[in-house]
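Trainee: In my numbering, the protein residues as written are 382 to 729. Where is the CB? At the ideal position from N, CA and C, for every residue including glycine. I have a structure here, written as structure tokens, and I will follow up with some questions on it.
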């Protein structure tokens with residue numbers, strides 16, 4: 382009953398086999414192999430337009446390089462207060478952007494609102510040099526709260542960014558989970574709604590170590606080559622990242638894996654709705670659930686081998702909790718079995 386994180390899951394067998402296949406023979410290094418080029422074309426097909434693709438090893442690297450590519454002196458990067466770039470990346474986005482500053486914005490269920498974003502941007506008038514200047518907006522899809530921005534919500538945030546002449550970045554560490562939840566296409570959830578650059582994650586959804594930066598305007602990709610190299614993210618044997626994505630996309634595996642993990646989360650959610658010892662803190666839109674649980678029930682689950690994290694509760698959630706309750710986070714994955722879910726709910 383492992384629900385601590387989808388990072389705890391291993392690699393899907395098809396992806397592991399693809400790595401084994403790529404291990405034989407010789408291939409051009411630094412992204413020049415036939416397999417690298419094939420996967421880059423696959424990304425363009427998936428997004429229904431020519432895109433520039435940069436393989437990197439971690440989501441933090443993808444996010445940091447994406448935001449660094451927008452660098453401005455005194456740059457201000459607007460994000461949700463709970464965004465991974467703000468909470469979990471050890472200031473890497475600010476470090477790689479050479480002094481840019483994250484501007485955290487509050488919002489319910491992990492989401493930015495257009496009004497809150499516009500107000501935050503408005504705090505930095507262009508003629509006030511002392512405050513710095515707006516630089517970019519970043520959103521997370523699916524969010525750190527397990528919710529997903531609707532297509533209209535993405536478009537509305539993009540419109541605010543456009544009015545301020547700011548690029549929009551999407552952190553897609555759980556991109557596939559949000560995509561299948563919405564029933565959208567990759568193009569509709571990104572560039573057709575105004576997203577300029579995407580951190581495309583595969584590691585949480587069955588890959589071993591596969592992340593990519595997707596630039597929807599290849600004409601703006603030249604500097605990214607240098608940013609990636611300078612950050613030590615230009616893998617000489619990048620075909621091993623390409624090999625993972627090759628298997629990931631084959632026959633729609635990536636979407637099947639995301640549907641499975643979302644379905645396991647939905648099965649958990651249904652169990653919590655029927656429970657008198659636990660309840661969902663808010664509805665989920667991916668493979669992450671946040672649950673308010675009685676402390677005695679939490680200990681009993683842990684004693685029976687369940688693995689999950691307790692989670693800091695914000696003011697709104699805390700106000701609805703009793704003194705004997707804790708907020709926990711559960712994350713399902715491609716490797717979660719229905720019996721894992723049912724055993725957990727039975728123990729609950």
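If the criterion is Cβ atoms closer than 9 Å, does the pair residue 590 and residue 393 meet it?
Mentor: No, Cβ-Cβ distance for residue 590 and residue 393 is not below 9 Å.
Trainee: Given a cut-off of 9 Å on the beta-carbon distance, is the pair residue 518 and residue 532 in contact?
Mentor: No, the pair does not count as a contact, with Cβ atoms beyond the cut-off.
Trainee: Counting only the same chain and skipping the five closest in sequence on each side, list residues whose C-beta sits under 8 Å from that of residue 507.
Mentor: Once the five neighbours on either side are set aside, the close Cβ partners of residue 507 are 514.
Trainee: Quick one: grab the DSSP three-state call for residue 528.
Mentor: Coil.
Trainee: Is the Cβ-Cβ distance between residue 619 and residue 410 less than 9 Å?
Mentor: Cβ atoms of residue 619 and residue 410: closer than 9 Å.
Trainee: Can you tell which of 659, 646, 512 has its C-alpha closest to the C-alpha of residue 682?
Mentor: Comparing Cα positions, the closest option is 659.
Trainee: Over what stretch of residues does the alpha helix (DSSP H) that includes residue 394 continue unbroken?
Mentor: Start and end: 394-403.
Trainee: Measure the C-alpha to C-alpha separation of residue 686 and residue 678 and round it to an integer number of angstroms.
Mentor: Rounded to whole angstroms, residue 686 to residue 678 spans 13 Å at the Cα level.
Trainee: Is it the case that the Cβ atoms of residue 716 and residue 440 are separated by a distance below 9 Å?
Mentor: Contact: no.
Trainee: If I'm right that residue 395 touches residue 634 with Cβ under 8 Å, what's the distance once you round it to whole angstroms?
Mentor: Right, their Cβ atoms sit about 6 Å apart.
Trainee: Look up residue 698 in the DSSP assignment and say whether it is helix, strand or coil.
Mentor: DSSP places residue 698 in helix when its eight states are reduced to three.
Trainee: Rank 450, 525, 407, 451 by C-alpha distance to the C-alpha of residue 667 and give the top, closest one.
Mentor: Selected option, being the one with the closest Cα: 525.
Trainee: What does a CB cutoff of less than 6 Å around residue 408 pick up in its chain, not counting 5 residues either side in sequence?
Mentor: Taken in chain order, the residues that qualify are 414, 620.
Trainee: State the Cα-Cα distance for the pair residue 417 and residue 624, rounded to the nearest angstrom.
Mentor: Spanning the two alpha carbons is a distance of roughly 8 Å.
Trainee: Are residue 622 and residue 433 touching if we call contact CB-CB under 9 Å?
Mentor: In this structure, residue 433 does not lie closer than 9 Å to residue 622 by Cβ.
Trainee: Quick one: what does DSSP say residue 493 is sitting in, helix, strand or coil?
Mentor: Three-state result, residue 493: coil.
Trainee: Look up residue 571 in the DSSP assignment and say whether it is helix, strand or coil.
Mentor: Here residue 571 sits in coil by DSSP.
Trainee: Report yes or no: is there a C-beta of chain B within less than 9 Å of the C-beta of residue 694?
Mentor: Checking the listed chains, one finds no chain B in this structure; it contains a single protein chain.
Trainee: What is the rounded straight-line gap between the Cα of residue 512 and the Cα of residue 499?
Mentor: Computed Cα separation, rounded: 16 Å.
Trainee: In chain order, what are the residue ranges of uninterrupted alpha helix (DSSP H) at least 4 long that sit wholly in the segment 422-471?
Mentor: For the segment 422-471, whole alpha helix (DSSP H) runs of length 4 or above, ordered along the chain, are 440-449, 465-468.
Trainee: Based on DSSP bridge pairs, tell me the residues matched to residue 690.
Mentor: The partner list for residue 690 (beta bridge, DSSP) reads 710.
Trainee: Please state whether DSSP places residue 485 in a helix, a strand or coil.
Mentor: Looking at residue 485 - three-state DSSP - the assignment turns out to be strand.
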